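Participant: Got a structure for you, written out below as structure tokens; questions coming shortly.
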Amino acid sequence: MATWKMVCEIIRALPGTELDPPDQDAPAWRVNGKVLARRQPRLRVPEEEAMISRRGEVLAIRLFDRAEREALLRQEPSVFFVTPHWQDSPSVLAWLADVPADQLRELLTEAWRPGRPSAWAGSSTAADRSEEHTSELQ
């Protein structure tokens, strides 16, 4: 079961990321000013409050591959969705508690890659970069 805390742990480990100030209603993690993931985004549907009350927390994840978004929507419609308001967005909405942890990590890392700082362009994650740096020192 994924949580916002897990989202924060995953993204915090990615270089160049920052979290919106705590006074935001729907805080977002960003890299170079671009949103990677947003907690509790507005769905902008009439039954929004009832849906959230019934299903739990929602996470918007920015995807850069429209085909990937469409595949997620087709393969796991009980987990990933869009509302009419989000239809033209590059993001996919997810019922956070239903996203497997490994899939969450993969999606968030993929969302980070296009906006990552250029110094990290050769690495997938901070852990990869740290391992490279450690091996250079030995």
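For the sequence shown, the positions run 19 to 156 when our numbering is used. In this text, a Cβ means the ideal position worked out from N, Cα and C, and glycines have one as well. None of the values given here were measured: they were computed from a predicted structure.
How would you call residue 55, buried or exposed, if buried means at least 16 neighbouring beta carbons within 10 angstroms?
Facilitator: Classification for residue 55: buried.
Participant: Between which two residues does the alpha helix (DSSP H) harbouring residue 127 extend?
Facilitator: Unbroken alpha helix (DSSP H) run through residue 127: 119-130.
Participant: Using 8 Å as the threshold, is the C-beta distance between residue 51 and residue 134 below it?
Facilitator: Against a cut-off of 8 Å, the Cβ pair of residue 134 and residue 51 comes out as no contact.
Participant: If we ignore side chains and look at the alpha-carbon of each, how far apart do residue 79 and residue 117 end up?
Facilitator: Approximately 12 Å between the Cα atoms of the pair.
Participant: Identify the continuous beta strand (DSSP E) that holds residue 54 and give its terminal residues.
Facilitator: Its beta strand (DSSP E) spans residues 52-57.
Participant: Return the chain-ordered list of same chain residues with a C-beta closer than 6 Å to the C-beta of residue 46, the five sequence neighbours on each side being excluded.
Facilitator: Same-chain partners within the cutoff: 38, 53 and 56.
Participant: Taking all protein chains shown into account, do 16 or more other C-beta atoms lie within 10 angstroms of the C-beta of residue 152, making it buried, or fewer, making it exposed?
Facilitator: For residue 152, the predicted model reports a pLDDT of 29, less than 50, meaning its position is unreliable; a value from the coordinates is still stated below. Counting Cβ neighbours within 10 Å, residue 152 comes out exposed, since fewer than 16 surround it.
Participant: Assuming residue 77 and residue 119 are in contact, meaning their beta carbons sit under 8 Å apart, how far apart are those beta carbons, in whole angstroms?
Facilitator: With 8 Å as the limit, residue 77 and residue 119 do not qualify as a contact, their Cβ atoms being about 13 Å apart.
Participant: Using a 10 Å radius around the Cβ and a threshold of 16 neighbouring Cβ atoms, would you call residue 48 buried or exposed?
Facilitator: So residue 48 ends up on the buried side.
Participant: Let me make sure I understand the geometry here. Which of 67, 75 and 128 has the alpha-carbon closest to that of residue 19?
Facilitator: Out of 67, 75 and 128, 75 has the C-alpha closest to the C-alpha of residue 19.
Participant: What's the C-alpha gap between residue 32 and residue 108?
Facilitator: About 21 Å.
Participant: Rounded C-beta distance between residue 110 and residue 73? I'm assuming under 8 Å.
Facilitator: About 15 Å; that fails the 8 Å criterion.
Participant: For a test of the three-state rule: what should DSSP assign to residue 63, helix, strand or coil?
Facilitator: Coil at residue 63, not helix or strand.
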